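Visitor:
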Amino acid sequence: MVVCPAVARRNAPDHAGTYDDELALLVVHGVLHLLGLDHAQADEAEKMERREQELLDRFHRL
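In terms of the working numbering, the sequence shown opens at residue 1127 and continues consecutively.
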C-alpha cells in the first residue's frame, strides 16, 4: 500500500480535517481494501465506513 503525503496534505481540509487525521484515514481505508472490503455498493460502503470509524476510534488519537 502506498500513501502519498502531498495528496494527503492537499485533501485533508476537505476530507478528514487535519493532515494527521487524513493519513490515519487513508491507512485504515487502504488496509480495509487489502482485507477485501469495498465500497462499490451502498451496503458495502456503509459497512466499510463503519469499520473505518471503529478502527480510527480505537487506534487513532490515543
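From the three backbone atoms N, C-alpha and C, an ideal C-beta is built for every residue, glycine too.
If you're wondering where the values come from, they're calculated on a predicted model, not measured in any experiment.
Any chance the segment 1150-1158 sits against the segment 1181-1188, with 3 or more Cβ pairs inside 8 Å?
Guide: Yes, they touch.
Visitor: Quick check on the burial criterion: 16 or more other C-beta atoms within 10 angstroms. Buried or exposed for His1200?
Guide: Outside the shown range of the chain, which is 1127 to 1188, sits residue 1200, and nothing can be said about it.
Visitor: Return helix, strand or coil for Tyr1127, following the three-state DSSP convention.
Guide: Checking the sequence, you will find Met at residue 1127 rather than Tyr. The answer is coil: DSSP assigns Met1127 none of H, G, I, E or B.
Visitor: In the DSSP assignment, find the unbroken alpha helix (DSSP H) run with His1159 in it and report its ends.
Guide: It spans 1145-1160 - the alpha helix (DSSP H) in which His1159 sits, taken as one unbroken run.
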